[in-house]
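Protein chains in written order, with our numbering: chain A, 209 to 508; chain B, 327 to 630.
Glycine included, every Cβ here is placed at the ideal spot set by N, Cα and C.
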């Protein structure tokens with residue numbers, strides 16, 4: 209027996225209210241992104257249009273923001289620092305992360321899978337300053353001992369720390385992407401008599417390509433944007449690295465270390481905001497590329 | 327149905343928890359109501375942060391109604407905070423630059439007022455295994471300054487026990503008063519540091535890194551010396567007599583890189599802040615300077 213329920217007026221009202229609230233939440237993310245970009249740009253804009261020398265900024269490695277005689281704002285060494293640490297981190301984290309995602313999603317029993325996922329999520333929950341601490345107190349002496357370098361705060365240290373930080377992201381998103389591949393694909397492949405390796409390599413990885421790419425790019429984003437851990441683990445030296453054993457300084461660490469000191473609205477302060485714009489542009493470019501690739505893949 | 331029953335089951339528990347939380351909150355609130363505490367915000371120099379903390383702790387016993395909140399970050403941080411009027415006292419291991427005085431005046435309408443509260447001998451640290459015992463100002467300049475020629479320990483005539491000969495320069499972030507002082511006193515006016523030094527965020531970090539790194543050299547306040555690190559004797563000129571950083575060598579001006587430590591306020595200090603600074607300058611306050619590893623003001627009040 210069915211009864212037609214007439215909804216009371218307040219319920220309809222509440223529903224519309226909630227609908228609007230949810231719409232606001234959706235729109236607000238766009239507002240926030242533009243708001244942040246506007247703020248960062250406004251803080252740096254005056255210097256950007258007056259007295260900013262792009263040639264020196266991009267192609268000089270001389271970073272002397274508080275010099276008494278000759279102030280120079282060259283960020284080439286800082287860009288090189290960020291790039292070197294990020295590339296190394298990705299070179300380590302991508303194979304490990306994707307491998308772990310495949311293992312967790314395809315090979316594990318249920319119990320091992322649950323345990324692994326909990327542990328990996330725990331890894332993601334470690335605060336970055338703790339990672340930095342590990343880099344400073346654990347990795348530093350180990351690198352000195354194993355590689356016979358004078359100092360263990362270098363690209364290798366920062367890269368390994370960042371890899372450890374981005375692996376959990378790559379694993380959990382990669383695993384979701386693999387899980388999203390319909391079981392009918394697996395069944396069809398197995399019915400054709402493929403081996404497990406062929407199943408993964410020829411069916412699952414291509415099918416989950418978009419999701420895996422998103423996982424990797426989120427890992428890149430984490431690595432580029434990470435501040436505290438690299439500030440502590442890379443040695444914080446303005447220098448273009450020529451080997452894994454060189455200390456470097458990253459863009460983010462420079463902002464973190466110097467913004468507190470710089471008198472508000474001074475040139476130094478504005479240059480730090482211009483570095484912020486640069487970082488923003490880098491992540492924007494990474495995301496845009498990812499989006500275009502994903503669309504290209506979809507279009508086929 | 328199931329959902330609803332479970333809700334009903336949990337309701338008494340939730341209510342009890344809520345009641346407990348409310349009770350706790352009111353209790354906590356009523357406890358914090360007492361005689362209102364006067365708070366003095368004290369921030370700045372990382373060299374002085376341990377000293378300032380020790381002062382604040384001792385002062386809490388002398389004057390329980392006043393609480394002094396200390397934070398570090400570097401002299402530049404203190405100066406920036408004072409010029410924007412967010413703190414009462416800025417600790418500085420260097421003097422205000424003329425443009426910083428201008429900035430403070432422009433922002434707050436008041437002149438920064440300087441009080442000398444002690445001295446620090448800037449110590450030069452190396453690893454325990456380093457055979458080097460003394461160094462000259464010129465050698466330090468050649469090691470640290472832009473264009474300086476010394477990059478290897480062998481250039482100083484030192485045979486390192488480990489196989490690495492490169493000098494690892496440990497420096498400070500660019501808002502540090504210690505960084506400013508070292509740049510002016512060692513490298514010379516208008517000179518800059520050689521790029522590629524490891525720039526640490528704190529005085530303690532410098533000593534810690536040097537302790538762990540056999541081929542490192544670093545500079546930091548004398549108060550951060552530990553038994554695990556070697557402090558070099560410093561000579562003004564090659565062939566001249568070298569001195570260790572101690573209270574005596576600082577007070578008789580023989581240690582070449584000693585500097586005064588300051589507290590700055592906006593305008594003449596007044597009220598609780600004045601009372602606090604007067605206490606810092608008293609015998610009780612100066613005793614703590616000595617206990618923290620720094621050099622108290624000489625009794626005569628002579629300028630350094």
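* Asked: Should the stretch 447-459 of chain A be regarded as contacting the stretch 220-230 of chain A, the criterion being three or more beta carbon pairs within less than 8 Å?
  -> no
* Asked: What is the DSSP secondary structure of residue 505 of chain B, reduced to helix, strand or coil?
  -> On the second chain, residue 505 of chain B is found 179 positions in, with the first residue counted as 1. Residue state, collapsed to three classes: helix.
* Element boundaries [beta strand (DSSP E), containing residue 348 of chain A] -> Residue 348 of chain A sits at position 140 when you count from the first residue of the first chain. Not the beta strand (DSSP E): residue 348 of chain A falls in the alpha helix (DSSP H), residues 348-355.
* **Endpoints, beta strand (DSSP E) assigned at residue 438 of chain B** => What you label residue 438 of chain B is simply residue 112 of the second chain in a count that begins at 1. Unbroken beta strand (DSSP E) run through residue 438 of chain B: 438-453.
* **Chain-ordered chain A contacts of residue 501 of chain B [CB-CB under 9 Å]** => Residue numbering aside, residue 501 of chain B sits at position 175 when the second chain is read from its first letter. 274, 465, 466, 468, 469, 470, listed in chain order.
* Selection from B:374, B:532, B:392 that minimises the alpha carbon distance to residue 402 of chain B -> For the purposes of this step, residue 402 of chain B is identified with residue 76 of the second chain, where counting begins at 1. Nearest option by C-alpha distance: B:374.
* Asked: Under 7 Å Cβ-Cβ, which residues of chain A neighbour residue 391 of chain B?
  -> What you label residue 391 of chain B is simply residue 65 of the second chain in a count that begins at 1. Ordered by position in chain A, no residue passes the 7 Å Cβ test against residue 391 of chain B, which lies about 31 Å from the chain.
* Asked: Does residue 270 of chain A have its Cβ less than 8 Å from a Cβ in chain B?
  -> What you label residue 270 of chain A is simply residue 62 of the first chain in a count that begins at 1. Judged by the 8 Å Cβ criterion, residue 270 of chain A is in contact with chain B.
* To do: In the DSSP assignment, find the alpha helix (DSSP H) that holds residue 416 of chain B and state where it starts and stops.
  => The count along the second chain starts at 1 and reaches residue 416 of chain B at position 90. Counting along the chain, residue 416 of chain B falls outside any alpha helix (DSSP H), though it belongs to the beta strand (DSSP E) covering 415-418.
* Asked: Secondary structure at residue 495 of chain B, three-state DSSP: helix, strand or coil?
  -> The count along the second chain starts at 1 and reaches residue 495 of chain B at position 169. Residue 495 of chain B: strand per DSSP, three-state reduction.
* Asked: What residues from chain A crowd round residue 471 of chain B, counting only those whose CB sits closer than 9 Å?
  -> Looking up residue 471 of chain B in the second chain gives position 145. By Cβ distance, chain A contributes nothing, its closest Cβ being about 12 Å from residue 471 of chain B, past 9 Å.
* In terms of alpha-carbon separation, which member of B:413, B:393, B:455, B:580 lies closest to residue 325 of chain B? -> Any answer about residue 325 of chain B is impossible in this case: the structure gives chain B only from 327 up to 630.
* Asked: If we count Cβ pairs, one from each stretch, closer than 8 Å, do we get three or more for the stretch 280-300 of chain A versus the stretch 360-375 of chain A?
  -> yes
* By Cβ distance, which residues of its chain are closer than 7 Å to residue 431 of chain B, with the 5 residues on each side in sequence left out? -> In the second chain, counting from the first residue as 1, residue 431 of chain B sits at position 105. So the qualifying residues of the chain are 437.
* Looking at the structure shown, is residue 400 of chain A part of a helix, part of a strand, or coil, going by DSSP? -> Here residue 400 of chain A corresponds to residue number 192 of the first chain, with the count starting at 1. Coil at residue 400 of chain A, not helix or strand.
* To do: Can you have a look at residue 242 of chain A and say buried or exposed, based on whether 16 or more other CB atoms are within 10 angstroms of its CB?
  => In the first chain, residue 242 of chain A corresponds to position 34, counting from 1. Per the 10 Å Cβ criterion, exposed.
* Residues of the stretch 513-528 of chain B with a CB closer than 9 Å to any CB of chain A: list them in chain order, please. => 515, 516, 517, 518, 519, 521, 522, 523, 524, 525, 526, 527
* Supposed close pair residue 442 of chain B, residue 586 of chain B - CB separation, criterion 8 Å -> Looking up residue 442 of chain B in the second chain gives position 116. Looking up residue 586 of chain B in the second chain gives position 260. Contact holds; Cβ gap of about 5 Å.
* Any idea if residue 426 of chain B is buried or exposed, counting beta-carbon neighbours within 10 angstroms, 16 or more meaning buried? -> By one-based count along the second chain, residue 426 of chain B stands at place 100. Residue 426 of chain B comes out buried.
* Taking all protein chains shown into account, do 16 or more other C-beta atoms lie within 10 angstroms of the C-beta of residue 353 of chain B, making it buried, or fewer, making it exposed? -> On the second chain, position 27 is the one that residue 353 of chain B refers to. Because residue 353 of chain B carries a pLDDT of 49, less than 50, the predicted location of this residue cannot be relied on, and the following value inherits that uncertainty. By the neighbour-count rule (16 or more Cβ atoms within 10 Å), residue 353 of chain B is not buried but exposed.
* To the nearest angstrom, report how far apart residue 337 of chain A and residue 457 of chain B are at their CA atoms. => Counted from its first residue, the first chain places residue 337 of chain A at position 129. Counted from its first residue, the second chain places residue 457 of chain B at position 131. Approximately 35 Å between the Cα atoms of the pair.
* State yes or no: is the beta carbon of residue 366 of chain B nearer than 8 Å to at least one beta carbon in chain A? => The residue given as residue 366 of chain B occupies position 40 in the second chain. So, not an interface residue.
* Whether residue 463 of chain B touches residue 512 of chain B by CB criterion (8 Å) -> On the second chain, position 137 is the one that residue 463 of chain B refers to. On the second chain, position 186 is the one that residue 512 of chain B refers to. Yes.
* Asked: Per DSSP, residue 271 of chain A is paired with what?
  -> What you label residue 271 of chain A is simply residue 63 of the first chain in a count that begins at 1. Paired residues: A:281.
* Which same chain residues, not among the five before or five after residue 358 of chain B, have their C-beta less than 8 Å away from its C-beta? -> Locating residue 358 of chain B in the second chain gives position 32, where the first residue counts as 1. Bear in mind that a pLDDT of 46 at residue 358 of chain B, under 50, signals an unreliable position, so the number given afterwards is only what the model happens to contain. Nothing listed; no residue qualifies.
* To do: Report yes or no: is there a C-beta of chain B within less than 8 Å of the C-beta of residue 254 of chain A?
  => Here residue 254 of chain A is taken as the residue at index 46 of the first chain, counted from 1. No, residue 254 of chain A lies away from the interface with chain B (no Cβ there is under 8 Å from its Cβ).
* Alpha-carbon spacing of residue 536 of chain B relative to residue 555 of chain B, whole angstroms -> For the purposes of this step, residue 536 of chain B is taken as residue 210 along the second chain, with counting starting at 1. For the purposes of this step, residue 555 of chain B is taken as residue 229 along the second chain, with counting starting at 1. Rounded to whole angstroms, residue 536 of chain B to residue 555 of chain B spans 7 Å at the Cα level.
* Could you name the residues of the same chain whose beta carbon sits closer than 6 Å to that of residue 420 of chain B, not counting the 5 residues immediately before and after it, in chain order? => Taking the second chain and counting its residues from 1, the one referred to as residue 420 of chain B is at position 94. These residues qualify, in order along the chain: 401, 503, 506, 507.
* At what residues does the beta strand (DSSP E) containing residue 410 of chain B begin and finish? -> On the second chain, residue 410 of chain B is found 84 positions in, with the first residue counted as 1. Segment: none, residue 410 of chain B is in no beta strand (DSSP E) and carries neither H nor E.
* Counting along the chain, where does the beta strand (DSSP E) carrying residue 397 of chain B start and finish? -> Position 71 of the second chain, counted from the first residue, corresponds to residue 397 of chain B. First-last of the beta strand (DSSP E) with residue 397 of chain B: 392-399.
* When burial is assigned at 16 or more other CB atoms within 10 Å of the CB, is residue 357 of chain A buried or exposed? -> Translated into positions along the first chain, residue 357 of chain A becomes position 149. Under this definition residue 357 of chain A is a buried residue.
* Between the stretch 484-508 of chain B and chain A, which residues of the former have CB atoms less than 7 Å from a CB of the latter, in chain order? -> 489, 490, 492, 494, 499, 500, 501
* Out of A:488, A:495, A:492, which has the shortest C-alpha to C-alpha gap to residue 248 of chain A? -> Position 40 of the first chain, counted from the start, is the residue given in the question as residue 248 of chain A. If we check each option's Cα against that of residue 248 of chain A, A:488 comes out closest.
* Could you confirm whether any beta carbon from chain A is found closer than 8 Å to the beta carbon of residue 378 of chain B? => As a working note, residue 378 of chain B is residue 52 in the second chain. Not an interface residue.
* Asked: chain B beta carbons: is any one of them nearer than 8 Å to that of residue 397 of chain A?
  -> Reading the first chain from its first residue, position 189 is the one you call residue 397 of chain A. With 8 Å as the cut-off, residue 397 of chain A does not count as an interface residue toward chain B.
* Sufficient close CB pairs (3 or more, under 8 Å) joining the stretch 557-574 of chain B to the stretch 387-396 of chain A -> no
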